[in-house]
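Student: In the working numbering, the protein residues as written are 252 to 1081. Every residue, glycine too, gets a C-beta built ideally from N, C-alpha and C. Small disclaimer: the values here were computed from a predicted structure and weren't measured.
Next up, the structure:
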């Protein structure tokens, strides 16, 4: 039987189908936000009754028959979040390490932590993921994976604060506290309520990892590092040595597609020993190795239909070897055993090198192992030889793409950015990536997403430094691609400055930013290094809506500071304005110009083609970025720096009203109420002159709030009513809260009704910070009306809502009012 939530979702889906409207159109017609409507239709959020009524009104349907199922769904709550598992795939040919895997599993069961250490390429990540997949059923809340970039070429190790932001985002917590200590506490608190397995890959040192460890509870953490993290208390180490000779022979034979008879000899005598492996009788050794290497059945967990690339039978050429290739049909040719031993020694027992050497032989049907051994011996460096052999099997175009991938900024990537990097058609690059995957030079972690092992990335980058004189131009194309994609996805997202977004699904657009965020930040830093000022100036603006909905991203201030400097250089004609192959990037002002929304005043977006903005437009872009930077500072509680940023905006940049409003916010928060009122009045007059009703409404509401703080309730009521008359939808919240608090002493019932309406709007549109402000207002009003005990519940709810948000200044205000109410309730002295 379906749940109440499922029945309600089915009814809402029927309403949408009956309307014949797109998600955005239906949201607009019903007065709901697209994001909230999306949550209602997918069962992630139970809508308020007013939202159900609004949707029924669009299609002319009586909402009353839905009241019962809505009430049941409200009581039951939203559907539980699906189990999340973002672990990369396990290796189909994982070989050996049974003792180490068993040790790790036991440590995770008993202590909840383990750290795998060992040299580069020894298989730390593969072992950690193999164990994590084996233990998946023991962790019902899923697996979390994070690459800490401790030894990733061309990238700095992730700072704990940034790592915590990404881990918490994986728990769907996006509005985060600003400090690392607060984030670590939130992370431990969230994990204590779950049973999840966290894989922290590629750690630099104990200091990087320590804040990321779970606390009390049933979650576990598995770490990998090239260093032995001896100072990490409570995390036992498991050190990996290179594979044993037998396991190395087994893995090489699997990768090479050797026949059972060959692989038996490879395991038993490739290294020159005539004795069978320890624990086997002479008659067992061939059978044991044969079953490990030559079985035609797929590995455990794979069926013939799902093994994909990971086919376990012989690759092209493997059948020939098994069926009677010279020297193979009845066993290894003379000298082959010695050749296998040479290959294994050259690979040093490292799984990465063994797979690549095996793949090289697999794709050369005419080669014998002796030929492979000779080619490896003729190369200089042991691992460079293995990598080079895999690379030599590719054509010149594929080798060029491989080299360029070594300088691509970011972690993983998709084919589109690789195509921009190489300046090739996407279809051609996808074919090349398939070749690189087959050669074990690139990994496909999930369909359509690729990454390189750190050792291989370093090798590719070294080759690019030697053989790609225009590598920087390729990186410019890649960062230009990221900018263009960010602009395209940003234009789909609704915001106060964009009343008519481009067609598309906002949820998918936000998901793209979530997926590519690490790469966008890396591309931004690469643009700084290359002096690509147009990209530096525009990318933070293309991420503005995403940043607004993910408060607490530490990168925003860094990006905006750099963007302001880049825009100033462009304004003076000193900046670099175009990336090769991108045709420049023109800027255009946002539609509208509402301010006070929290997403900034007028902003800028990339255009299509052109040679960049004019001098006048460049100056306006600098001003817009300064306004955004001021808001980012203010949201973090850095009020003096925020004021400094706003005061740098030149008069006449067309942003005077927005800047006056923002300066008023800062002065209000600094306690300079008289000066703040003057700023709000100036903003109100300028917005009115521009015909900007939304901006005028916000200025009126905040002027009323300051009047209330100064003790003039009558003026506050008048200003708040004027604000509400000018606003629509959630923009009315500020005026309603101001009005509700102003009426508290004289008309308690009306005060609570108005504040309740404000809270309903905030909940309907899923505006968490506004919900907190509404609860705080209800607390203040109830205290003023003589009900401090009831008021405390609303203050506590406000602080609870603010806990995961990076609303530093709002939290300061709410705590101040909370303490005042506690004092009124007799819970504090003085």
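Could you give the C-beta distance for residue 959 and residue 993, rounded to a whole number, given that I count them as a contact under 8 Å?
Tutor: Reading the chain shown from its first residue, position 708 is the one you call residue 959. Reading the chain shown from its first residue, position 742 is the one you call residue 993. 5 Å between Cβ atoms; contact.
Student: Quick one: is residue 375 buried, meaning 16 or more other Cβ sit within 10 Å of its Cβ, or exposed?
Tutor: Taking the chain shown and counting its residues from 1, one reaches residue 375 at position 124. Answer is buried; the Cβ neighbour count reaches 16.
Student: Could you pull the start and end residues of the beta strand (DSSP E) that residue 454 belongs to?
Tutor: Sequence index remark: in the chain shown, residue 454 carries index 203 (1-based). Unbroken beta strand (DSSP E) run through residue 454: 448-454.
Student: If we call anything under 8 Å between Cβ atoms a contact, is residue 787 one with residue 817?
Tutor: Looking up residue 787 in the chain shown gives position 536. Looking up residue 817 in the chain shown gives position 566. Yes, Cβ-Cβ distance for residue 787 and residue 817 is below 8 Å.
Student: How big is the Cα-Cα spacing for residue 877 and residue 793?
Tutor: Here residue 877 is taken as the residue at index 626 of the chain shown, counted from 1. Here residue 793 is taken as the residue at index 542 of the chain shown, counted from 1. If you take the alpha carbons of residue 877 and residue 793, they lie about 15 Å apart.
Student: Relative to the alpha-carbon of residue 310, which residue among 277, 685, 734 has its alpha-carbon at the smallest distance?
Tutor: Position 59 of the chain shown, counting from 1, holds the residue named residue 310. It is 277.
Student: CA-CA distance, residue 934 and residue 900?
Tutor: In the chain shown, residue 934 corresponds to position 683, counting from 1. In the chain shown, residue 900 corresponds to position 649, counting from 1. The alpha-carbon atoms of residue 934 and residue 900 are separated by roughly 15 Å.
Student: Are the CB atoms of residue 706 and residue 401 nearer to each other than 8 Å?
Tutor: Numbered from 1 along the chain shown, position 455 holds the residue referred to as residue 706. Numbered from 1 along the chain shown, position 150 holds the residue referred to as residue 401. Their beta carbons are not under 8 Å apart, which means residue 706 does not touch residue 401 by this criterion.
Student: Would residue 1055 pass as a contact of residue 283 if the rule is Cβ separation under 8 Å?
Tutor: By 1-based counting over the chain shown, the position of residue 1055 is 804. By 1-based counting over the chain shown, the position of residue 283 is 32. Cβ distance not < 8 Å, so residue 1055 and residue 283 don't count as in contact.
Student: Please list the terminal residues of the continuous beta strand (DSSP E) segment that includes residue 474.
Tutor: Counting from one through the chain shown, the residue named residue 474 turns up at place 223. Residue 474 -> beta strand (DSSP E) spans 471-476.
Student: In chain order, what residues of the same chain have a beta carbon less than 6 Å from the beta carbon of residue 354, not counting five sequence neighbours either side?
Tutor: Locating residue 354 in the chain shown gives position 103, counting from the first residue. Here the set comprises 489.
Student: Pull up the distance between the alpha-carbon of residue 749 and that of residue 1012, whole angstroms please.
Tutor: Residue numbering aside, residue 749 sits at position 498 when the chain shown is read from its first letter. Residue numbering aside, residue 1012 sits at position 761 when the chain shown is read from its first letter. Spanning the two alpha carbons is a distance of roughly 20 Å.
Student: Shortest alpha-carbon distance to residue 648 belongs to which of 406, 679, 950?
Tutor: As a first step, residue 648 must be located in the chain shown, where it is residue number 397. The shortest C-alpha separation from residue 648 is found at 679.
Student: Within 10 angstroms of the Cβ of residue 225, are there 16 or more other Cβ atoms? Answer buried if so, exposed if not.
Tutor: The structure shown does not extend to residue 225, since the chain is modelled only from 252 to 1081, so the question has no answer here.
Student: Do the stretch 357-364 and the stretch 456-475 touch if we need at least three Cβ pairs shorter than 8 Å?
Tutor: These segments touch.
Student: Tell me whether residue 787 sits in a helix, a strand or coil according to DSSP, three-state version.
Tutor: Translated into the one-based positions of the chain shown, residue 787 becomes position 536. DSSP places residue 787 in helix when its eight states are reduced to three.
Student: Between the C-alpha atoms of residue 1073 and residue 1028, what's the straight-line distance to the nearest angstrom?
Tutor: On the chain shown, position 822 is the one that residue 1073 refers to. On the chain shown, position 777 is the one that residue 1028 refers to. Each residue's alpha carbon lies about 15 Å from the other.
Student: Does the distance from the CB of residue 970 to the CB of residue 947 come in under 8 Å?
Tutor: In the chain shown, residue 970 corresponds to position 719, counting from 1. In the chain shown, residue 947 corresponds to position 696, counting from 1. No, the Cβ-Cβ distance between residue 970 and residue 947 is not below 8 Å.
Student: On the premise that residue 1016 lies in contact with residue 270, defined as a C-beta separation below 8 Å, what is that separation, rounded to the nearest angstrom?
Tutor: Locating residue 270 in the chain shown gives position 19, counting from the first residue. Locating residue 1016 in the chain shown gives position 765, counting from the first residue. The Cβ separation is near 20 Å, so there is no contact.
Student: Bridge partners for residue 396 per DSSP, in chain order?
Tutor: Position 145 of the chain shown, counted from the first residue, corresponds to residue 396. Looking at the DSSP assignment, residue 396 forms a beta bridge with 450.
Student: Count the other C-beta atoms from every protein chain shown that fall within 10 angstroms of the C-beta of residue 676, then say buried if there are 16 or more, exposed otherwise.
Tutor: Counted from its first residue, the chain shown places residue 676 at position 425. So residue 676 counts as exposed.
Student: Starting from the Cα of residue 1034, find the closest Cα among 995, 1018, 605, 797 and give me that residue.
Tutor: As a first step, residue 1034 is located in the chain shown; it is residue number 783 there, counting from the start. Answer by Cα proximity: 995.
Student: Rounded to the nearest angstrom, what separates residue 642 and residue 650 at their Cα positions?
Tutor: As a working note, residue 642 is residue 391 in the chain shown. As a working note, residue 650 is residue 399 in the chain shown. If you take the alpha carbons of residue 642 and residue 650, they lie about 6 Å apart.
Student: With DSSP run on the structure shown, which of helix, strand or coil describes residue 746?
Tutor: Residue mapping note: residue 746 aligns to position 495 of the chain shown, counting from 1. Note: residue 746 maps to strand in three-state DSSP.
Student: Which class does residue 896 belong to by DSSP, given the choice of helix, strand or coil?
Tutor: Here residue 896 is taken as the residue at index 645 of the chain shown, counted from 1. Residue 896: helix per DSSP, three-state reduction.
Student: Within 10 angstroms of its Cβ, does residue 1063 collect 16 or more other Cβ (buried), or is it exposed?
Tutor: On the chain shown, residue 1063 is found 812 positions in, with the first residue counted as 1. By the neighbour-count rule (16 or more Cβ atoms within 10 Å), residue 1063 is not buried but exposed.
Student: Write down every uninterrupted run of the beta strand (DSSP E) in the stretch 375-422 whose length is 3 residues or greater and which is fully enclosed by it, in chain order.
Tutor: Runs found: 394-398.
Student: In this structure, how does DSSP classify residue 544 when only helix, strand and coil are distinguished?
Tutor: Here the question's residue 544 lines up with position 293 in the chain shown. With a pLDDT of 28 at residue 544, under the threshold of 50, the modelled position of this residue cannot be trusted, and the question is left open.
Student: Ends of the alpha helix (DSSP H) at residue 757?
Tutor: By 1-based counting over the chain shown, the position of residue 757 is 506. 757-781 is the span of the alpha helix (DSSP H), which, as asked, contains residue 757.
Student: Work out the CA separation of residue 369 and residue 407 for me, nearest whole Å.
Tutor: To locate residue 407, count along the chain shown from 1; it is residue 156. To locate residue 369, count along the chain shown from 1; it is residue 118. If I take the Cα positions, the gap works out to 20 Å.
Student: What distance in whole Å lies between the Cβ atoms of residue 627 and residue 620, which are believed to be in contact at a cut-off of 8 Å?
Tutor: As a first step, residue 620 must be located in the chain shown, where it is residue number 369. As a first step, residue 627 must be located in the chain shown, where it is residue number 376. Residue 620 to residue 627, Cβ: 10 Å. No contact.
Student: Using the Cβ count rule (16 or more neighbours within 10 Å means buried), how would you classify residue 434?
Tutor: Translated into the one-based positions of the chain shown, residue 434 becomes position 183. Classification for residue 434: buried.
Student: Quick check on the DSSP output: what are the complete alpha helix (DSSP H) runs of length 4 or more inside the stretch 903-970, in order along the chain?
Tutor: 907-920, 924-941, 944-960, all fully within the stretch 903-970.
Student: According to the neighbour-count rule (16 or more other Cβ atoms, all chains shown, within 10 Å of its Cβ), is residue 753 buried or exposed?
Tutor: Stepping through the chain shown from its first residue, residue 753 is reached at position 502. Exposed, since its Cβ has fewer than 16 Cβ neighbours within 10 Å.
Student: Alpha carbon to alpha carbon, how far is residue 336 from residue 828? Give it in angstroms, no decimals.
Tutor: Counted from its first residue, the chain shown places residue 828 at position 577. Counted from its first residue, the chain shown places residue 336 at position 85. Because the pLDDT of residue 828 is 42, which lies under 50, any placement of that residue in the model is unreliable, and the number read from its coordinates should be weighed accordingly. Roughly 41 Å between the two C-alpha positions.
Student: Excluding the 5 residues flanking residue 399 on each side, which residues of the same chain have their C-beta closer than 7 Å to its C-beta?
Tutor: Taking the first residue of the chain shown as 1, we reach residue 399 at position 148. If we look at residue 399 and ignore the five residues flanking it on each side, its Cβ neighbours are 408, 409, 414, 451, 452, 453, 454, 455, 459.
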